[in-house]
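Here's the structure, in structure tokens; my notes come after.
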Amino acid sequence: MTDPAFQAMSVEEYLRSEEQSPYKREYVGGFVYPLHAHAGVSQRHSLICGNVFATLHPHARRQGCRIHQTDMRLQVGSALFYPDVMLVCGQDMPHPLYETAPCLLVEVLSPSTAANDRVGKYALYTSLPTLQTYLIVEQTQRRVYEYQRAGDEWRLREVAEAGEVGVPCLSLSLSLDDVYAGVLEPR
């Protein structure tokens with residue numbers, strides 16, 4: 001089987017066809033790009049996403065926020081992505097198929113997506129006025145890159161082995177022990 005060819009289409013066509021697609025696709029600049037066309041994510045990737053979601057979920061619910069894991073789209077301008085974890089607080093649901101105003105986005109790095117998560121998505125995600133925190137999480141070592149909004153600037157802090165990263169929209173911190181529970185133990 002060959003890789004699916006890139007197809008130009010409108011946002012509306014993409015959204016209509018996405019439900020019938022045999023694989024997830026992201027939409028950027030009028031084109032769709034398959035995610036994991038050959039295989040799913042690794043166990044580590046899945047467990048890390050689950051750990052972040054499970055840790056934040058009760059806090060999000062108590063504060064009236066919505067938290068999504070891997071299956072909800074995010075619209076940024078004319079692009080649509082599937083962040084690994086997305087938290088939205090204080091916003092009505094703009095559309096049943098995507099969110100537009102997250103306060104937290106989390107991407108767990110995979111070899112095939114690392115460059116895009118660090119550069120392309122970083123540029124688009126940090127253009128969102130509601131976004132307060134963007135976390136990029138390694139899956140082969142206990143390391144999280146925490147981008148926090150500071151006024152009009154973004155500040156990067158790298159947390160390795162132990163420590164916490166901030167989730168200001170929930171007024172809490174997320175420990176690396178919670179992120180990596182059952183995946184990577186501290187040294």
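Numbering-wise, our numbering puts 179 at position 179 of the sequence shown, and it's gapless, one number per residue.
From the three backbone atoms N, C-alpha and C, an ideal C-beta is built for every residue, glycine too.
Predicted model only: the values in this text are computed from it and were never measured.
- Residue pairing of residue 156 in beta bridges, as defined by DSSP: 147.
- Annotation for residue 46: the continuous alpha helix (DSSP H) segment containing it runs 43-62.
- Residue 98 is bridged by DSSP to 73, 95.
- With a 10 Å radius around the Cβ and a threshold of 16 neighbouring Cβ atoms, residue 142 comes out buried.
- Boundaries of the alpha helix (DSSP H) harbouring residue 16: 11-18, taken from the DSSP string.
- The beta carbon of residue 130 sits closer than 6 Å to the beta carbons of 101, 103 from its chain, once the five residues preceding and following it are set aside; these are given in chain order.
- Here DSSP, grouped into helix, strand and coil, assigns residue 128 to coil.
- Around the beta carbon of residue 187, fewer than 16 other beta carbons sit within 10 angstroms, so the residue counts as exposed.
- Contact annotation, residue 99 with residue 106: C-beta distance approximately 14 Å; criterion of less than 8 Å not satisfied.
- For residue 134, the number of other beta carbons within 10 angstroms of its own is at least 16, and it is reported as buried.
- Residue 79 carries a strand assignment under DSSP once its states are collapsed to helix, strand and coil.
- Secondary-structure assignment with DSSP links residue 134 through a beta bridge to 105, 147.
- If you compare the alpha carbons of 156, 52, 140 with that of residue 172, the shortest gap goes to 52.
- Comparing alpha-carbon positions, the option among 92, 116, 8, 71 lying closest to residue 29 turns out to be 8.
- Beta-bridge partners assigned by DSSP to residue 123: none are found.
- Note that the stretch 10-29 does not touch the stretch 62-69; fewer than 3 beta-carbon pairs, one per stretch, sit closer than 8 Å.
- Ranked by Cα distance from residue 140, the options 62, 182, 116 are led by 182.
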